[in-house]
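Trainee: Let me begin by handing over the structure; questions about it come next.
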Amino acid sequence: MKKSNKARRMANLSLFIGLVLISCSPSGLPLNITSVKVFPEPVVGQIVTLEVEIMATDDEPYVKFSVDTREDLGNKVHLIGGDTIWQGSLTANQAQKLQVQVCVIVEGSWPVEFSVTTVSSDSSKATESAADGWSGSDVETIHLESSLESGKLIRGSAYTFDPGTFDPGEIRPTPRPVVVSPECSENLE
Numbered sequence: 000m001k002k003s004n005k006a007r008r009m010a011n012l013s014l015f016i017g018l019v020l021i022s023c024s025p026s027g028l029p030l031n032i033t034s035v036k037v038f039p040e041p042v043v044g045q046i047v048t049l050e051v052e053i054m055a056t057d058d059e060p061y062v063k064f065s066v067d068t069r070e071d072l073g074n075k076v077h078l079i080g081g082d083t084i085w086q087g088s089l090t091a092n093q094a095q096k097l098q099v100q101v102c103v104i105v106e107g108s109w110p111v112e113f114s115v116t117t118v119s120s121d122s123s124k125a126t127e128s129a130a131d132g133w134s135g136s137d138v139e140t141i142h143l144e145s146s147l148e149s150g151k152l153i154r155g156s157a158y159t160f161d162p163g164t165f166d167p168g169e170i171r172p173t174p175r176p177v178v179v180s181p182e183c184s185e186n187l188e
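So in numbering that gives the first Met the number 0, spot 105 of the sequence shown is number 104, and the numbers just go up one at a time.
In structure tokens:
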């Protein structure tokens, strides 16, 4: 009985210390993607704007932002333009909004990846950052679920794939043909 009580007290103490440490830690990463929005609704064949907001907890003189629509892997989101690669500085706790134009060219659910990283010419700063446990980067993968009639953006943390709804033996209809604008299909291979 005494060993059981001692073990229980140690477990409770460990839990308490863990909760204190979590509540005292910073609320987020030192550099992060705080929001991603889409407008208008990402309907197949129409150019839409993705607005990405990034922020740092400290002044960051060298920051790089980039977008990957994974077209090289067969993804059906075409990158049209905008802030596809951005380099600049961030002031502590002040949001920087960036915009990218894309077009979904086939119905489905397609990932788009955003990344933001601190870039330093001082390699010792990068080493110190890694030693502190801070990577100086954030990555957010969103999914654009699109059809001819409607579409929506799903943040990576909210995206789920239910394998129970997918039957490999099921005959699936061919996606409906879509006529897209020249701007949307430009540079497609």
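Idealized CB from N, CA, C, for every residue including glycine.
No experiment lies behind these values; they were computed from the predicted model shown.
1. Roughly how many angstroms lie between the CA atoms of LYS75 and VAL47, to the nearest whole one?
2. Please state whether the Cβ-Cβ distance between LEU143 and TRP109 is less than 7 Å.
3. Classify ALA157 as helix, strand or coil using the three-state DSSP reduction.
4. Is LEU18 helix, strand or coil by DSSP?
5. For VAL179, which option in ASP71, ILE104, VAL111, THR90 has the closest C-alpha, if you only look at C-alpha atoms?
6. Can you tell me whether DSSP reads PRO110 as helix, strand or coil?
7. Just checking, does the region 81-89 make contact with the region 147-156 on the three C-beta pairs under 8 Å criterion?
8. So, is SER34 buried or exposed, given that buried needs 16 or more other C-beta atoms within 10 angstroms?
9. Ordered along the chain, which non-local residues of its own chain (more than five positions away) have a Cβ less than 6 Å from that of SER114?
10. Do you know how far the Cα of GLN86 is from the Cα of THR117?
11. May I ask you to list the residues that DSSP assigns as paired with THR140?
12. Taking C-alpha atoms, which residue in GLY135, LEU30, PHE38 lies nearest to GLN100?
13. What's the call for PRO60, buried or exposed, on a 16-neighbour Cβ count within 10 Å?
14. Cα separation between ILE141 and ILE53?
15. Out of curiosity, what's the CA-to-CA distance linking GLN98 and SER136?
16. Would a C-beta distance cut-off of 7 Å place LEU89 and VAL62 closer than the cut-off?
17. Starting from PRO181 and walking both ways along the alpha helix (DSSP H), at which residues does that stretch end?
18. Please classify GLU59: does DSSP put it in a helix, a strand, or coil?
19. Going along the chain, which residues of its own chain have a beta-carbon closer than 8 Å to the beta-carbon of CYS183, five neighbours each way excluded?
Mentor: According to the data block:
1. 14 Å
2. yes
3. helix
4. Confidence in LEU18 is poor, its pLDDT being 40 and thus under 50, which makes the residue's placement unreliable; the coordinate value appears in the next sentence. Looking at LEU18 - three-state DSSP - the assignment turns out to be helix.
5. ILE104
6. strand
7. no
8. exposed
9. SER65, VAL138
10. 10 Å
11. GLU112
12. PHE38
13. exposed
14. 15 Å
15. 19 Å
16. yes
17. 181-184
18. strand
19. GLY44, GLN45, ILE46, HIS77, ILE79, CYS102, ILE104
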